[in-house]
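J.: In this note's numbering, the protein residues as written are 14 to 114.
1. Which residues does DSSP pair with residue 20 in a beta bridge?
2. Opposite residue 48 in the DSSP bridges: which residues?
3. So for residue 41, helix, strand or coil by DSSP?
4. In this structure, how does DSSP classify residue 72 when only helix, strand and coil are distinguished?
5. Where DSSP assigns a beta bridge to residue 85, which residues make up the other side?
6. So for residue 101, helix, strand or coil by DSSP?
7. Just to check, is the beta-carbon of residue 55 closer than 7 Å to a non-hydrogen atom of the ligand ZN?
8. For residue 27, which residues in the same chain have their Cβ closer than 6 Å to its Cβ, ignoring the five residues on either side in sequence?
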């Protein structure tokens with residue numbers, strides 16, 4: 014019976030992050046799936062065979078957010094594993110900072 018991974022991405026303030034892209038690979042490095050979070054900040058990878066998968070964020074969905082860390086996720090038979098990603102906020106560029114004056 015297949016399992017799955019449910020990814021939820023939120024900013025540090027708890028706001029869902031849409032447009033965050035992820036790639037899922039197996040231990041051999043073969044891409045198993047890829048996708049992008051929706052408006053609610055979630056992305057589902059259903060129907061996965063049991064095993065260990067490497068989850069990598071490939072796009073953040075926001076210029077002010079850095080990619081979250083890569084994660085290895087163990088998917089048992091028949092279980093959807095929840096993964097929460099709260100990527101760090103990027104430092105503003107010099108042109109975006111509020112300079113005195």
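By construction, the Cβ of each residue, glycine as well, lies at the ideal position given by its N, Cα and C atoms.
T.: Taking the definition as stated:
1. 56, 96
2. 35
3. coil
4. strand
5. 67
6. coil
7. With respect to the ligand ZN, the structure shown offers nothing to examine, as it has no ligands at all.
8. none
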